[in-house]
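These notes are about the structure you will find just below.
There are 2 protein chains.
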Amino acid sequence: MNDTFLKALRGEETDYTPVWIMRQAGRYLKEYREVREGVDFLTLCKTPELAAKVSIQPVDILGVDAAILFSDILIPVEAMGMRLEFSEKHGPALSEPIRSRALLEKLIVPDPDDDLAFVPDTVRLLKSQLKVPLIGFSGAPFTLATYMIEGGSSKNFLFTKKIMYQNHGIWSGLMDKICDTVTAYLRSQIKAGADVVQLFDSWAGVLSPDDYRKYALPYVKRIIKELKNDGAPVIYFVNGCAGLLKDVKTSGAQATGIDWRVDMGEAVRKLGKNMVIQGNLDPCALLLSKDDLRGKVKDILDKARPAKGHIFNLGHGILPEIPAENARALVELVHELSEKG
Amino acid sequence: MNDTFLKALRGEETDYTPVWIMRQAGRYLKEYREVREGVDFLTLCKTPELAAKVSIQPVDILGVDAAILFSDILIPVEAMGMRLEFSEKHGPALSEPIRSRALLEKLIVPDPDDDLAFVPDTVRLLKSQLKVPLIGFSGAPFTLATYMIEGGSSKNFLFTKKIMYQNHGIWSGLMDKICDTVTAYLRSQIKAGADVVQLFDSWAGVLSPDDYRKYALPYVKRIIKELKNDGAPVIYFVNGCAGLLKDVKTSGAQATGIDWRVDMGEAVRKLGKNMVIQGNLDPCALLLSKDDLRGKVKDILDKARPAKGHIFNLGHGILPEIPAENARALVELVHELSEKG
């Protein structure tokens, strides 16, 4: 078992900087596209053998130091009682978005070991096959709430902010149900064998720092506190974090994942010496020549050195347009440039 | 003439904090929608009488302390030789996006007083009618380049970054032509009477700080330097600025416009005491009750106090869904809460 990733998460000395890539199981890999040819996206998420297969692909192909469960952040939302559909063109769509007390009350807190049994099943299958640690995950509460209120992706998040600002009862009721769901969901992944869990706050960056502190962060803290004795460290990824780091620092997570729109040196200073940091190469930087990429990777590694620990990653998910060999080159570069002695 | 806005821009003492609203001439106003009923968007931009009419509407209706020329950031791009179309649904579309040397070479640097004569004409018409200062504007070079390379809006800006990273010749050739165009365009607006000009860098926030410093900021500096002796202060608005402020500080502009995803107190600290700051209420905060809005406005006013000067604004354009009376309430609140003595 390669435990470099877990050591870095604990702030221990490692032989090199571990690296994994957000959305590493994905369309940029021809092996993934081959699996997807025979099956739609949601079926892939819900079929343990196939989900495990694509989760392992990037470990074999790229040589990353951790695997992540293949799934979608909206899977538990569907189990809460919303109808979920995916289209290639428009992304996810949830019908009957939650904008009223009546719809909120119809939502349930699912039992993950029953309603979402395919997820712990996938985790167990993966654990029996993997030689690297496994990351479980969930969407963070604010991010899940945006999808549930908007009914999909959004540009201005007007419906979300309308509820947030104008109807505190619905907002906190929704966030309570989401928190209970996410906590139980992550706990079931940990119980099934996930070594680490990551909370994805993909949309936290659309909030002002003041609103983030008021409407999003408290629920993240609650979940992380609940999971304190479950034995798996938490990575809290915040997309668009540059203006939020002072608050993100207090989340209680063992590690913070940051996007590329903030300087790694500044992030380390703001998150402090007791935080492990994950990130933060621009996903588009994988378009660079290997020489230019080398400079960017070295810069991030150098700037992350004062942190308690560093896990290299992109600042957001890898794009379908990136050649797989460039992703492999990144993993090699990180290992090569960070090797000690 | 109400010169509070100009005084604040010079860092002089004012009786209250001046306020204007980005996209204040827009669809949230029924008076604007009435004008738009008879004419499409581009024709409105290009008809001085109508453009002047909608520019003045928010001054009369909301009581803002400055007017801004009604136009679109892609107007000079069309004059450079690209075909521009607008659809309600998909926004702007530019045909034959610039991704080759051949297409780059076909672009011209237009003569604004000839090819874009309707713009200085609108400025002159406005100046003869306005009792508040007039802001002229242009898109900033990086932002214009994204539209020209993507052919419209984008999610990941992959084409832009591809050129930026892989073809320095095309990138710098394009940025040179854009800089020459923007400089001449803003100069023609100033000559026609614009009191102030604003550069909109709506997409700068998709760059890492390192890339911003390398691929975007130098061109902004060049334009601001060129305009140094033209007699109008420059406001440089950077959307998604939280991670870029240390660099934005060096732009040479008299004022920096900031979005809402950064704390005003932090922005003031990072931009330093010699910078006038414009911003930075979340456009969605106009959904708040007047009491809750009061708290947010007061917080921003308080935190902006140590800056050289403060111009209140939203952190981005006002949304079509906002009731006009809420915009008027904001202007009143800013005036009331900032009044001295």
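Which chain is which? The protein sequence lines are A and B, in order.
According to my numbering, the stretch in the first sequence is residues 1 to 341, in order.
According to my numbering, the stretch in the second sequence is residues 1001 to 1341, in order.
For glycine and all other residues, C-beta sits at the position ideal for the given N, C-alpha and C.
All of these numbers come straight from a predicted model, not from anything done at the bench.
Going by DSSP, Thr47 (chain A) is part of no alpha helix (DSSP H) at all; its letter is neither H nor E. For Leu44 (chain A), same chain residues with a beta-carbon under 8 Å away, outside a window of 5 residues either side, are Val35, Arg36, Leu50, Ala51, Val54, Phe70 in chain order. Counting along the chain, the unbroken alpha helix (DSSP H) around Ala1324 (chain B) starts and ends at 1324-1338. Taking C-beta atoms as the reference points, Val331 (chain A) and Ala307 (chain A) fail to come closer than 8 Å. Residues of the stretch 1167-1178 of chain B with a C-beta less than 9 Å from any C-beta of chain A: none at all. The three-state reading of DSSP puts Ser128 (chain A) in coil, since its state is none of H, G, I, E or B. With respect to chain A, the C-beta atom of Asn1239 (chain B) has no partner C-beta closer than 8 Å. The secondary-structure analysis by DSSP pairs Val197 (chain A) across a beta bridge with A:Gly136, A:Val234. Assignment of Gly279 (chain A) by DSSP, reduced to helix, strand and coil, places it in the strand class. DSSP places Gly1240 (chain B) outside both helix and strand once states are collapsed to three, so it counts as coil. By the Cβ neighbour-count rule, Lys1089 (chain B) is exposed, with fewer than 16 other Cβ atoms within 10 Å of its own.
Pairing Gln1189 (chain B) with Val1123 (chain B) gives a Cβ-Cβ distance under 8 Å.
C-alpha of Thr181 (chain A) to C-alpha of Asp111 (chain A): approximately 8 Å in a straight line.
Contact between Leu337 (chain A) and Lys298 (chain A) holds, since their C-beta atoms are separated by about 5 Å, short of 8 Å.
For Leu84 (chain A), the enclosing beta strand (DSSP E) begins and ends at 84-87.
For Phe1312 (chain B), the uninterrupted beta strand (DSSP E) segment begins and ends at 1309-1314. From the beta-carbon of Cys1045 (chain B), no residue of chain A is found nearer than 8 Å; the closest lies around 22 Å away. A distance of 8 Å or more separates the beta carbons of Gly1317 (chain B) and Ile1258 (chain B). Distance from the Cα of Leu1103 (chain B) is smallest, within the candidate group B:Lys1177, B:Leu1042, B:Leu1134, B:Arg1187, for B:Lys1177.
Every beta strand (DSSP E) of 3 residues or more that sits fully in the stretch 1156-1214 of chain B is shown, in chain order, as 1196-1201. Interface residue (Cβ-Cβ distance to chain A less than 8 Å): Trp1260 (chain B) is classified as such.
Measuring C-alpha to C-alpha distances from Ile1311 (chain B) to each of B:Asn1002, B:Gly1011, B:Thr1017 identifies B:Thr1017 as the nearest. Note on geometry: alpha-carbon atoms of Gly173 (chain A) and Ala66 (chain A) lie some 35 Å from one another.
Here Ala255 (chain A) carries a strand assignment [DSSP, helix/strand/coil]. When Cβ-Cβ separations below 8 Å define contact, Ser1208 (chain B) makes contact with chain A. Nearest C-alpha to Glu1012 (chain B) among B:Leu1333, B:Ala1329, B:Gly1309: B:Gly1309. Put simply, the backbone Cα of Ile1223 (chain B) is about 6 Å away from that of Thr1183 (chain B). The three-state reading of DSSP puts Ile1300 (chain B) in helix, counting H, G and I together. With fewer than 16 other Cβ atoms inside 10 Å of its own Cβ, Val39 (chain A) counts as exposed. As a beta-bridge residue in DSSP terms, Val19 (chain A) pairs with A:Phe312.
Shown here, Gly1152 (chain B) sits in a strand according to DSSP, grouped into three states. In the DSSP assignment, Ala216 (chain A) falls outside any beta strand (DSSP E) and carries neither an H nor an E.
Proximity of Ala242 (chain A) to chain B, defined by a Cβ-Cβ separation below 8 Å, is satisfied. Taking 8 Å as the cut-off between beta carbons, the residues of the stretch 139-171 of chain A near chain B are Asn156, Phe157, Leu158, Lys161, Lys162, Tyr165, Gln166, in sequence order.
The C-beta of Gln1129 (chain B) has fewer than 16 other C-beta atoms within 10 Å across all chains shown, which makes the residue exposed. Residue nearest to Met1080 (chain B) within the set B:Ile1098, B:Gly1091, B:Gly1265 is B:Ile1098 (criterion: CA-CA distance).
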